[in-house]
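*Asks:* In my numbering, the protein residues as written are 5 to 505.
As structure tokens, this is what we get:
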């Protein structure tokens, strides 16, 4: 039963750390997936014959949508943007999960971009006829899902947020303001006012997630890189290593720490709740002390769980993002979680050694125990994840079984090691202490005086008692020789000395 208790306690510690590490691993993978999508979208333009001057508008669509998604992944937001690639009349270039639609115009100047964004339906019809179109105005409207002639002065991109190059914003804004100030026809004012109101340089969800602004020159350069197949994350400065600042690392670590604390409360209080329920069934009443134990278990478990989850998530995010080098990116989150638990427990035990409440051998023995148990825990977790393909759950279930097996394996190995050291005097490289001093009882029995520190004893008041006189006969005891047989045995944690047979 003690072995199961130890195994459960160690499993609870590892589970808390693993939750933090798993959350961080998923977080970094989501960011990495978003950055890879930008590379993939831009790579699809490799080898196209269209000039960079003409291609820059298409490139800007993917840039704004994908950088928005990267920012959303970094900030753990559910907002997402897509590029429909629908070339229908007045169709949006980018749409977000919040329902916003965006139209992009990346022309050669701010005036040209603003003019294109404010184009009316009637202006678009005239452009169509100038290009050789044969439809009448009524047919033009009907074929484009307009059911009334009243819309001819509305902007084509009515309701859409108008995105233009960042370096053209001020020029476009001034041009629209001049048109509004000088326009004498009331029916024409609406399209200019609406365009000015919805004019922007990036897409945003209004909750802190937004795309990265792009100038007209940058759009042309990006188009050239995409055409040549050189639009890599490194050249675009969108790699996880560059994006993952310490701000995001600590935010993720804090969030993971809270999740680990919640799990810790459940795992810490479960045994005490079970004991309270058992007491209720047996005695028909609740025990007040049981509730006190549940409360203290929740308090202690949540604080320690948060620290383990926070540390595991911080280390995992740093490793997986590549900030510690390419080799660290391949370290498994479960290994990081086990390492964090071992390091934290070793630090705690080292403090006990410095205070004198734990010996060096006990510290070494505890470290060895945790290494063995964690190895079985990792193996069980891997097997559980392979058998149960539910993220995290499969690993935790397998880890619980592995931890129990690890405790049993350690106890068997410990007994075997102590038996060998008892018979041979081997110290196991200093892990086992060999004590060759005789016990005080044996020293006294052979007439050797031992030194004892003075002890202060309180004087207790004793009542005078009357005892009757009894007759006792004299007993004769023959002189004998006492023989005390000693043997080597375990007298403490990782400590072997003489004991009486």
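No residue lacks a Cβ here, since even glycine has one placed at the ideal position from N, Cα and C.
Can you tell me whether residue 248 is buried or exposed? The criterion is at least 16 other CB atoms within 10 Å of its CB, across all chains shown.
*Replies:* buried
*Asks:* Tell me which same chain residues have a C-beta within less than 6 Å of the C-beta of residue 5, skipping the five on either side of it?
*Replies:* Residue confidence for residue 5 is low, a pLDDT of 43 falling below 50, so the modelled location carries little weight and cannot support an answer.
*Asks:* Classify residue 21: buried if its beta carbon has 16 or more other beta carbons within 10 angstroms, exposed otherwise.
*Replies:* The residue in question, residue 21, is buried, as its Cβ has 16 or more Cβ neighbours within 10 Å.
*Asks:* Quick check on residue 91: buried or exposed, where buried means 16 or more other Cβ atoms within 10 Å of its Cβ?
*Replies:* exposed
*Asks:* Rounded to whole angstroms, what is the Cα-Cα separation between residue 86 and residue 232?
*Replies:* 24 Å
*Asks:* For the putative contact between residue 157 and residue 195, defined by C-beta atoms under 8 Å, what is the C-beta separation to the nearest angstrom?
*Replies:* 7 Å
*Asks:* Keeping to the same chain, check which residues put their C-beta closer than 6 Å to that of residue 118; ignore five residues upstream and five downstream.
*Replies:* 176, 179, 180
*Asks:* Looking only at DSSP bridge pairs, what is residue 204 linked to?
*Replies:* 167
*Asks:* What's the C-alpha gap between residue 4 and residue 33?
*Replies:* Any property of residue 4 remains undetermined from this structure, which presents the chain solely from 5 to 505.
*Asks:* Look up residue 85 in the DSSP assignment and say whether it is helix, strand or coil.
*Replies:* strand
*Asks:* Do the CB positions of residue 506 and residue 405 come within less than 8 Å of each other?
*Replies:* With the chain covering only 5 through 505, there is no way to say anything about residue 506.
*Asks:* Is the Cβ-Cβ distance between residue 244 and residue 326 less than 8 Å?
*Replies:* yes
*Asks:* What separation, rounded to the nearest whole angstrom, lies between the Cα atoms of residue 266 and residue 338?
*Replies:* 19 Å
*Asks:* Rounded C-beta distance between residue 42 and residue 71? I'm assuming under 8 Å.
*Replies:* 7 Å
*Asks:* Work out the CA separation of residue 141 and residue 128 for me, nearest whole Å.
*Replies:* 11 Å
*Asks:* Give the range of the alpha helix (DSSP H) segment to which residue 61 is assigned.
*Replies:* 56-78 is the extent of the alpha helix (DSSP H) around residue 61.
*Asks:* Taking only three categories from DSSP, how would you classify residue 344?
*Replies:* helix
*Asks:* Taking the alpha helix (DSSP H) that residue 132 falls in, what are its first and last residues?
*Replies:* 125-134
*Asks:* For the ligand SAH, I want to know if residue 191 counts as a neighbour, meaning its beta carbon is within less than 7 Å of at least one of the ligand's heavy atoms.
*Replies:* Annotation note on the ligand SAH: not contained in the displayed structure, which lists no ligands.
*Asks:* Which stretch, first to last residue, makes up the beta strand (DSSP E) that contains residue 105?
*Replies:* 105-108 is the span of the beta strand (DSSP E), which, as asked, contains residue 105.
*Asks:* For residue 74, which residues in the same chain have their Cβ closer than 8 Å to its Cβ, ignoring the five residues on either side in sequence?
*Replies:* 35, 38, 39, 42, 242, 247
*Asks:* Hey, residue 139 and residue 147 are a contact pair by Cβ (cut 8 Å); roughly how many whole angstroms apart?
*Replies:* 7 Å
*Asks:* Enumerate in chain order the residues of its own chain whose CB-to-CB distance from residue 390 is below 6 Å, with the five nearest sequence positions on each side excluded.
*Replies:* none
*Asks:* With distances taken Cα to Cα, identify the nearest neighbour of residue 376 among 367, 360, 409, 58.
*Replies:* 409
*Asks:* With distance defined between alpha-carbon atoms, name the residue in 464, 467, 441, 466 nearest to residue 501.
*Replies:* For residue 501, the nearest C-alpha among the options comes from 441.
*Asks:* Taking the beta carbon of residue 407 as the centre, do at least 16 other beta carbons fall within 10 Å, making it buried, or is it exposed?
*Replies:* buried
*Asks:* Could you check if residue 185 is buried or exposed, using at least 16 other CB atoms within 10 Å of its CB as the buried criterion?
*Replies:* exposed
*Asks:* Residue 134 to residue 259, Cα distance in whole Å?
*Replies:* 59 Å
*Asks:* Can you grab the Cα-Cα spacing for the pair residue 164 / residue 19, in whole Å?
*Replies:* 48 Å
*Asks:* Rounded to whole angstroms, what's the CA-CA distance from residue 80 to residue 256? Just pull it up for me.
*Replies:* For residue 80 and residue 256, the gap between their C-alpha atoms comes out near 9 Å.
*Asks:* In its own chain, which residues sit with a C-beta less than 8 Å from the C-beta of residue 174, not counting the 5 before and 5 after it?
*Replies:* 114
*Asks:* Count the other CB atoms within 10 Å of the CB of residue 355; is the residue buried (16 or more) or exposed (fewer)?
*Replies:* exposed
*Asks:* Does the beta-carbon of residue 54 have 16 or more other beta-carbons within 10 angstroms, so that it is buried, or is it exposed?
*Replies:* Around the CB of residue 54, fewer than 16 other CB atoms lie within 10 Å, so the residue is classed as exposed.
*Asks:* Residue 99 lies in the beta strand (DSSP E); which residues open and close that run?
*Replies:* 98-100
*Asks:* With DSSP run on the structure shown, which of helix, strand or coil describes residue 492?
*Replies:* strand
*Asks:* Taking the beta carbon of residue 463 as the centre, do at least 16 other beta carbons fall within 10 Å, making it buried, or is it exposed?
*Replies:* exposed
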